[in-house]
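Protein chains in written order, with this note's numbering: chain A, 20 to 423; chain B, 20 to 423; chain C, 20 to 423; chain D, 20 to 423. Below is one structure, written out as structure tokens; comments come after it.
Protein chains: 4
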Amino acid sequence: MTFGLSPHAAGLLTRLRRFIAERVMPADAEFLDEVSVGDRWELTPKQVEILEGLKKQARALGLWNLWHPEAGGLSTVEYAYMAEEMGKSHLAPEVCNCNAPDTGNMEVFHKYGTPAMKKAWLEPLMAGDIRSAYLMTEPQVASSDATNISLSCVKSGEEYVLNGEKWWATGAGDPRCSVYIVMVRTSHKGPRHEQHSMIVVPANAKGIEKLRPMEVYGHDDAPHGHFHVRFTDVRVPLEAMLLGEGRGFEIAQGRLGPGRIHHCMRAIGMAEKALELMCERSLERKAFGAPLAELGGNYDVIANGRMEIEQARLLCLKAAWMMDQGDARAAAPWISMIKVAGPEVALKVTDAAVQMHGAMGVSQDTPLARQWTHLRTLRLADGPDAVHRRQVARAELRQYRKPS
Amino acid sequence: MTFGLSPHAAGLLTRLRRFIAERVMPADAEFLDEVSVGDRWELTPKQVEILEGLKKQARALGLWNLWHPEAGGLSTVEYAYMAEEMGKSHLAPEVCNCNAPDTGNMEVFHKYGTPAMKKAWLEPLMAGDIRSAYLMTEPQVASSDATNISLSCVKSGEEYVLNGEKWWATGAGDPRCSVYIVMVRTSHKGPRHEQHSMIVVPANAKGIEKLRPMEVYGHDDAPHGHFHVRFTDVRVPLEAMLLGEGRGFEIAQGRLGPGRIHHCMRAIGMAEKALELMCERSLERKAFGAPLAELGGNYDVIANGRMEIEQARLLCLKAAWMMDQGDARAAAPWISMIKVAGPEVALKVTDAAVQMHGAMGVSQDTPLARQWTHLRTLRLADGPDAVHRRQVARAELRQYRKPS
Amino acid sequence: MTFGLSPHAAGLLTRLRRFIAERVMPADAEFLDEVSVGDRWELTPKQVEILEGLKKQARALGLWNLWHPEAGGLSTVEYAYMAEEMGKSHLAPEVCNCNAPDTGNMEVFHKYGTPAMKKAWLEPLMAGDIRSAYLMTEPQVASSDATNISLSCVKSGEEYVLNGEKWWATGAGDPRCSVYIVMVRTSHKGPRHEQHSMIVVPANAKGIEKLRPMEVYGHDDAPHGHFHVRFTDVRVPLEAMLLGEGRGFEIAQGRLGPGRIHHCMRAIGMAEKALELMCERSLERKAFGAPLAELGGNYDVIANGRMEIEQARLLCLKAAWMMDQGDARAAAPWISMIKVAGPEVALKVTDAAVQMHGAMGVSQDTPLARQWTHLRTLRLADGPDAVHRRQVARAELRQYRKPS
Amino acid sequence: MTFGLSPHAAGLLTRLRRFIAERVMPADAEFLDEVSVGDRWELTPKQVEILEGLKKQARALGLWNLWHPEAGGLSTVEYAYMAEEMGKSHLAPEVCNCNAPDTGNMEVFHKYGTPAMKKAWLEPLMAGDIRSAYLMTEPQVASSDATNISLSCVKSGEEYVLNGEKWWATGAGDPRCSVYIVMVRTSHKGPRHEQHSMIVVPANAKGIEKLRPMEVYGHDDAPHGHFHVRFTDVRVPLEAMLLGEGRGFEIAQGRLGPGRIHHCMRAIGMAEKALELMCERSLERKAFGAPLAELGGNYDVIANGRMEIEQARLLCLKAAWMMDQGDARAAAPWISMIKVAGPEVALKVTDAAVQMHGAMGVSQDTPLARQWTHLRTLRLADGPDAVHRRQVARAELRQYRKPS
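Now the structure itself:
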């Protein structure tokens, strides 16, 4: 088991770190300030300029599509270090074309897409010209058990017709978002995990309404957003079906593994950033005659932050290493573990950093509050904690069960 | 030690509970939806209608100013039950003229105000005609140690001149907010707790700028708001000084005791509401073939919620009972205890309720996310947890210290 | 809801507190030191002298059988204060004839015993002349689900014949232990909660073997002890059956309610004692130039201890108050709550006190380590935490379930 | 960063694992049962037979002195895997001559001993012919701040004369324990960390009294033991001084690094064993109609155990890897981190396993209770948690402090 970097990866990491620290982070606040200018769901000229400028630089520096094994030339372990860095900046993941849900969607097109899909969607996504969304969870059912998913998809002549609602369509607010991958129910018969399918729908298909932006603890995350969407007789050609009817779960598994772990890698980066802000603040501010760092239990708070981050990062690296071994089934419990542990630690450290900042911590004056709300969604997205803990427990118990 | 209600109080509680459940709660969402209509910092005609209509009803039912010992005829213990009910609704505290920071400010005017102040500010506040703000914390210093407070207040002829910045002026966004009570520094000499003073400043005084609304995890809490305010050569007459120079801490102590406990009482109400929503959701939603309630550790989650709420409520009642005994010094550690324990429990139960709701929990579709962000500020407002824990520990150790 | 004491109870409490502090506590260590003298399972002459001397004093002071509503003249709430005091001393419960499992057994004889049983067992127990044991849990089954209990009891002519094993027969090591109340299975048919019975067996009945003392984290708790016992064709007359066959659970419920709460009351006393020892130690010992109290997070540790004890005590008083209202079914969730919360808090505070004492804390030089091991068993005895949490959750959810 | 094993190490691990599972573990209970036969502080013939037989086997299999870099040919990372295995068995560390405090003492002799000391003590220790103790902590001072240590050591002619008390002299009960390494105070002047020294004292030196065995939650850990020892005019030659007066802390640092991490490695092994026992129990036992594993929150308990063990193990491996890099100062915070995290996780998992076992868990019928008490001491031995957390925090903050 080795968590080291190849010389190629080490060089990339150095470059990436500098690029993010010197170019991307300074632009984060400026970009976010523009959100309230004009229509929240349009990019302002300044936002476009910032974003496209940085994307061009990222490309030039070879920091583009690093998530992609071939494009980046990185193992999952190596990519973990990159994703951690990107997690420290609001813009960095998009700037490097490594942001969710696009990476997952590109992976789906890459693995399961037809040549036509690759041409139409994968290429512009890889180029950063368009964005995409992934429509899974629904308002009317407990999506933690994904067999509940109910958006109806019925064959009608040469087309499929979709009806129903999805919400939390992350990224659907972005005007550049051009394509949705949608989990649908194509059957009510047969094995529970073979009644669902995944289908590709252009974002501008007739019959799609964006009902409203969902808020995350009050944030609408414009212009990216998380939309509540209604499908009314939305029609797509038969070729839009991925792999074939009933194979939705197979695709979801393939898609979610890397996606989950990328979120966790970035969460580690956010935790590091929170710890950094917390340390700086604890040395700057004084109360009762001493820097905050030296008051009460603050050493414990800082030490716990460091200890928990280290452990979560190592677990994340091990999960990545397991994925690199090529046995998805063996790696699954490790992904579940880090899916639970990563956000948990990052939330805890971020919350402690908020407290160290006093009232400033809950405000817009640090990235902490926003970061916390994003991290909080990770305990629900792609399977809530309880479901992942159950997976871990079942894997653990399997080795003790008597063969029957 | 008795936590019971007099027949008068019991009658009030029944009436209050019904009024809030039947009239106020149903109006909460409608009122909040109006916030995004027009200028966020103006009340829309509909908001005015809702609010004033409910206020009239509250008055008619004798549910007005219950926080005030004489007006309400309630002990602190008895008021705790009322405040808990009000905590369950967004509008209820204001509808019953029991909301922060007005109650604390009214108390200050009542105890320390001149007859002119009582006429000018206390009477319209008691009548619900105006609102007020309390300006304590500052961006440049660690206000957890309030001796750091630095807004300058210098005598100049027949006036005081104020210069500096305050933030988190809660309620200052409301167009009806007419008066500020401001903690200022009037001296840099003498005992540390005698260099500060409290002074009354009309909200429309020349030289006051509302720089920007502070956000709480993205919420601006419009139209109430929490403002960052700048004072530039703001002039008030000498009579605006409360009690006299150097007595700021004395007033702050008198003000904060009841205020802190009122927040905690309402926090218990929020926790109860979260538990209620969590239970309902856990029975409604199904996954893996069973209601969520019966899956995994959810019984534990619900039981822990119930157990922790009960304990926090009892502690709150005991703190209230201590206050009713009339010895403020003896009651102080109890107020510190509940100041820590109340928000902690309410946050925990609210977070668990969020998790039980899945993605809906973090959204605008339940009051949980907003409630969480409000509760989170209570771990900082009126003294951060660490300062209150220190107070509790020092009181505890005092009895073991050798007399020297 | 009132948690106050009548003048009678207040007087008793004052007397009890002084008696325990001045007479009983000083004898604790002396008594325990004698355990290793001679046969651990006999009382040494010195132990007899200490114990009987103190019992005589307790009787003379009217501090005898306070647990018994008529003998003590106390409500459950009032008794809670007494039990808390007794919890602070190893010997006090026995000295005041208030110790487990005797009080529970006396209650069974009182409520369900025949006149002959009252004469033979209840009278000498009330007089402190004999001791008793309660045999419930078994090594071969998960006794958390008491319907698993399997010790066989079969009618044979004019006798019942018992066969099987019990363990954790607390008190069975005491040479004065004369009688066992035994939960047995008398049927394998009918409703699950009507297959078990409770029967009275003299400790010296033929066929009973004390196989071995069970250890609690290494302590055998001699001479009291917790024994693993085997029944081989043990015969008792038909009249030994309590209430009638199949009514074991009915009796167990009546027995366990008060017993559970008494344990919790004493646990609160242990927590108080731990906090006291912790505070004293934190002021006495110095490291890095300051008393431990002032180092790192120790204020937080002390404050948390105080806050959690207060909350647990109030919950315990409320559970007692619920019992005093006379509706056992309504009180049940409260007993479950305190059954979980009491030991949890007491364990936490005791563990923190151990840590504050350094290596001394884990040793025989303070009562902390022994106290911890005893408290740890309370998370299992009379139903493990998980079972009680489930009861609390089910009671909570009941109010939300749709009537079917 | 690589946590892999060389082929040599991998082979050793396979052999060690099998040897412990098949030979050593089955002997554990038998050995411990003998403790109560005859004098607890003598080895019975059967104990000698078991121990010496296994030691001979370990030697023959090349599983002897693996802790020693040269003897074992292992890196610290590689040894971590071995130590984890040994942690699962009571006897294994001694059987493989890898037990505390002997390894630390051998290291001291190896690094700092004179040729005479190596001949007299190191050789027989390496051969497993004698045992040793390390006398650091004292009853009268807070040894968490080791500058408090006060056992007096005064030069008198050609000898040093020692007076004072030590306690928790682990291993001093063993009749084969022949030599003590003792931390003493040789000066009251000069820098705080140069007033102490380390000196070698034969266990049978005149003037040494073993006052009493210290108990750990009731266990005396005979025949190994933890003794309270008094030195009265104990005389040793000047050559007994290690390195020279005033260099005690220098030696202690060199000694404690590896020792601390070895404890943690074994703690991980104990945690694994607890998880294993917990899983087995949860599948075997039934309550309410299902295996315990499927009831309530037990999946969460098991999953948390697995997740926390994985993280702690990885942190331990990283600390080992840091040590292998050869920069002791850089590795120090990592050792502090694992010193806190290792026992914490192992205690938590062990406690959860106790709970899953019901009353059996607290008894002598599983290794869990004993293991818990041992693990609990690790939160105090070699520096309490708070001191290590402080070290971690200080290292963290160092990078943010402005150079002055």
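Just so you know, even glycine gets a beta-carbon here, dropped at the ideal spot from N, CA and C.
Residue contact with chain A for D:M326: present (Cβ-Cβ distance below 8 angstroms to some residue of chain A).
Apart from the 5 residues on each side of it in sequence, D:Q374 has no Cβ closer than 6 angstroms to any other Cβ in its chain. Where A:Y179 is concerned, the enclosing beta strand (DSSP E) starts and stops at E178 to T189. Excluding the 5 residues flanking it on each side, A:A188 has same chain C-beta neighbours closer than 6 angstroms at A152, L154, F246 and V248, in chain order. Residue-level contact check: B:A322 touches chain C, since one or more beta carbons of chain C fall below 8 angstroms from its beta carbon. Within the segment 118-182 of chain A, complete beta strand (DSSP E) segments of at least 3 residues are found at 150-154 and 171-175, given in chain order.
In this structure, A:Y179 is the residue among A:C196, A:L311, A:Q410 and A:Y179 with its C-alpha nearest to the C-alpha of A:E258. Against D:Q330, the close residues of chain A are Q330, A331, L333, L334 and A360, in the order they occur along the chain (beta-carbon pairs closer than 8 angstroms). At a cut-off of 8 angstroms, the C-beta of D:M233 has a neighbouring C-beta in chain C. Check the Cα spacing between B:P256 and each of B:I168, B:V219, B:A306 and B:I321: the tightest is with B:V219.
At a Cβ-Cβ threshold of 8 angstroms, B:V203 and B:L230 do not count as neighbours. Interface residue (Cβ-Cβ distance to chain A less than 8 angstroms): C:D319 is classified as such.
The CB of C:M356 comes closer than 9 angstroms to the CB of A322, R325, M326, E329 and Q330 in chain B, given here in chain order. By the Cβ test, the segment 282-299 of chain C is in contact with the segment 101-117 of chain C, since at least three Cβ pairs between them sit closer than 8 angstroms. In the DSSP annotation of this structure, B:Y236 is not part of any beta strand (DSSP E), being labelled neither H nor E. CA-to-CA, the gap between D:A271 and D:G278 works out to about 10 angstroms. Look at C:S197 here: in three-state DSSP terms it is strand. Here the alpha carbons of A:N317 and A:E299 stand approximately 13 angstroms from one another.
For the options B:V198, B:I168 and B:G244, the alpha carbon positioned closest to that of B:H215 is the one of B:I168. Listed along the chain, the chain B residues whose CB falls inside 7 angstroms of the CB of A:D164 are A306 and F307. Using a C-beta cut-off of 8 angstroms, the segment 260-270 of chain B makes contact with the segment 131-140 of chain B, since at least three inter-stretch Cβ pairs fall below that distance.
Under the 8 angstroms criterion on CB atoms, C:V411 is classed as interfacial with respect to chain B. By the C-beta criterion, the segment 88-100 of chain C is judged to be in contact with the segment 339-346 of chain C, since at least 3 inter-stretch pairs fall below 8 angstroms.
Restricting attention to beta strand (DSSP E) runs no shorter than 3 residues, the segment 219-289 of chain D encloses them at 227-232 and 245-256, ordered along the chain. Of all alpha-carbon atoms in D:K225, D:G273 and D:F268, the one lying nearest the alpha-carbon of D:D346 is that of D:G273. Rounded to whole angstroms, B:V160 and D:T392 show a C-alpha spacing of 47 angstroms. If the five residues before and after B:V411 are omitted, its C-beta is found closer than 6 angstroms to the C-beta atoms of P352, S355 and M356, all from its own chain and listed in chain order.
For the segment 278-292 of chain A, the set of residues with a beta-carbon nearer than 7 angstroms to any beta-carbon of chain D is empty. By DSSP's assignment, C:S216 forms a beta bridge with C:V203. DSSP links B:T21 through a beta bridge to C:T21. In the assembly as shown, C:G276 is a buried residue. Its beta-carbon has 16 or more other beta-carbons within 10 Å. Below 8 angstroms, too few C-beta pairs join the segment 235-246 of chain A and the segment 394-404 of chain B to call them touching: fewer than three. Taking a 10 Å sphere around the C-beta of C:V201, we find 16 or more other C-beta atoms and assign the residue as buried. Annotation: the continuous alpha helix (DSSP H) that includes D:Y98 extends over T95 to G106. If you check the CB distance, D:L110 and D:M125 do not come in under 8 angstroms. Between C:V359 and B:M326, the gap from beta carbon to beta carbon is short of 8 angstroms.
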